[in-house]
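Chains as they are written, first to last, in our numbering: chain X, 93 to 268; chain A, 93 to 268.
Note that beta-carbon positions come from the ideal geometry of N, C-alpha and C, so glycine has one too.
To start, the structure under review is shown below, and the notes come after it.
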DNA sequence: ACGATTTGTTCGTCAAGTCGAACGATTGGA
DNA sequence: TCCAATCGTTCGACTTGACGAACAAATCGT
């Protein structure tokens, strides 16, 4: 809930309820009730809080860790198209205020590559172009074929392993 | 503003104001005033809207195209790596505050697909996974092979044409 | 051409969020 | 020990957002 998010961010900033309310320009009674779970604030109030906390507003809506999502080559919601020989699949709609870096990767079979965990909140999106590979968070590795799309948290240890020569895939690195 | 965001997402979903209000379970008068810019909604209201629009809530907060750039499969700045059989190429470092939608496309040879121009400021990133194709803005079409990366403004007329069966490629649609 | 439906807006009413003040509880000096 | 300051909560008064109905305008179907 939002109550928990506000409390979490406030304690993370090391600010007291009164101080935060003062900085945000809202009554501390309002903030108190918000953190208690009573009522649902207006965007104006939330905006003031987010500004005072110096965090993106969307952070106050953060739910639990996003689960991994695997979309096989023959899966995914195919978008409507006028021409039948054109099949577009929306893999991931990006939330605003995020950075997404796109990588193209060519990998050879051999030892397993263990990636150092990225900063907290990082999300990786993988799309295999050709070859075959095995990748994913530790314990949730998946066998991937061309066209497969796999997304998972990047702030946990994860591995890449090519099963065929010149295995090519795409990584979209999403940072909060 | 939020007013514009709601309007944008609603029109994108092709829903009328009355219909959306009904689906979201809010009064259409409320929605009308929101889109008019008057008032600041409560999170409960926004949540209902986001759910009805089937978009993440954070998308309701907020909203120049670079020249074309073509990176051949054997081109691109290869990032440093500890292991020689791992070659990652950064194709596009995303600027902040942009939306990027990722599409996977499979296309068959045949007639040329002419894309209706997207909203102003849209940028498309293409990466060919397999097959062969010809695509790009009108007059700047390029022959593309697997691994080729091509980016160009999406708010101008552009075309896609597969040269081989089951030509697969990736499109990252970047909206301002 | 006409009625019927749907569109989006404006109005008054009610409920709910926000505010300011006062409250008990806790901490820190002097 | 006592006073002062700060902590977070609770209360009533005010402000504002959400609702429902009525409204003009546009679209549709016969």
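| Item | Value |
| --- | --- |
| Under 7 Å between C-beta atoms of residue 215 of chain X and residue 260 of chain X | no |
| For residue 229 of chain A and residue 102 of chain X, the rounded distance between their alpha carbons | 49 Å |
| Counted within 10 angstroms of its Cβ, other Cβ atoms place residue 110 of chain A as buried (16 or more) or exposed | exposed |
| Proximity test, Cβ basis, 7 Å: residue 130 of chain X and chain A | no |
| Contacts of residue 94 of chain A in chain X (Cβ-Cβ under 8 Å) | 135 |
| Touch test, the region 112-126 of chain A against the region 239-248 of chain X, Cβ-Cβ under 8 Å, three pairs minimum | no |
| Residue from A:123, A:129, A:126, A:224 with nearest C-alpha to residue 241 of chain A | A:224 |
| Interface partners of residue 238 of chain X on chain A, CB under 9 Å | 221, 222, 260 |
| Test item: CB-CB of residue 124 of chain A and residue 222 of chain X under 7 Å | no |
| Continuous alpha helix (DSSP H) stretch holding residue 136 of chain X: start and end | 135-145 |
| Rounded separation between residue 253 of chain A and residue 218 of chain X - CA only | 25 Å |
| Three-state secondary structure (DSSP) of residue 127 of chain A | helix |
| Within chain A, partners of residue 138 of chain X - CB distance below 8 Å | 135 |
| Cβ pair residue 132 of chain A, residue 136 of chain X closer than 7 Å | yes |
| Local Cβ density within 10 Å of residue 238 of chain X, reported as buried at 16 or more and exposed below that | buried |
| Host alpha helix (DSSP H) of residue 216 of chain X (start-end) | No alpha helix (DSSP H) contains residue 216 of chain X, which is instead part of the beta strand (DSSP E) from 215-222. |
| Nearest neighbour of residue 129 of chain X, chosen from X:94, X:114, X:226, X:258 [CA to CA] | X:94 |
| Chain X within 7 Å of residue 145 of chain A, Cβ atoms only | no |
| Residue(s) in a DSSP beta bridge with residue 149 of chain X | Its beta-bridge partners do not exist; DSSP assigns none. |
| Rounded straight-line distance, which links the Cα of residue 226 of chain A to that of residue 106 of chain X | 56 Å |
| Per-residue contacts from residue 141 of chain A into chain X (C-beta, under 9 Å) | Result: empty, since nearest Cβ-Cβ is about 12 Å, beyond 9 Å. |
| Element boundaries [beta strand (DSSP E), containing residue 227 of chain X] | 225-229 |
| Per-residue burial, residue 144 of chain A [other beta carbons within 10 Å of its own, 16 or more giving buried] | buried |
| Neighbour list for residue 126 of chain A in chain X, Cβ cutoff strictly below 8 Å | Per Cβ cutoff of 8 Å: no residues; residue 126 of chain A is ~10 Å from chain X at best. |
| First and last residue of the uninterrupted alpha helix (DSSP H) at residue 115 of chain X | 109-116 |
| Cα-Cα separation, residue 146 of chain A to residue 205 of chain A | 28 Å |
| Where residue 234 of chain A falls: helix, strand or coil (DSSP) | strand |
| Residue 119 of chain A, DSSP secondary structure in three states | coil |
| Contacting residues, own chain, Cβ-Cβ under 8 Å from residue 139 of chain X (five flanking each side not counted) | 149 |
| Cutoff 7 Å: residue 149 of chain A Cβ touching any chain X Cβ | yes |
| Proximity to residue 201 of chain X [Cα-Cα], best of X:258, X:152, X:235, X:251 | X:258 |
| Exposure label - residue 96 of chain X; buried when at least 16 CB within 10 Å | exposed |
| Burial state of residue 100 of chain X, where buried means 16 or more other Cβ atoms lie within 10 Å | exposed |
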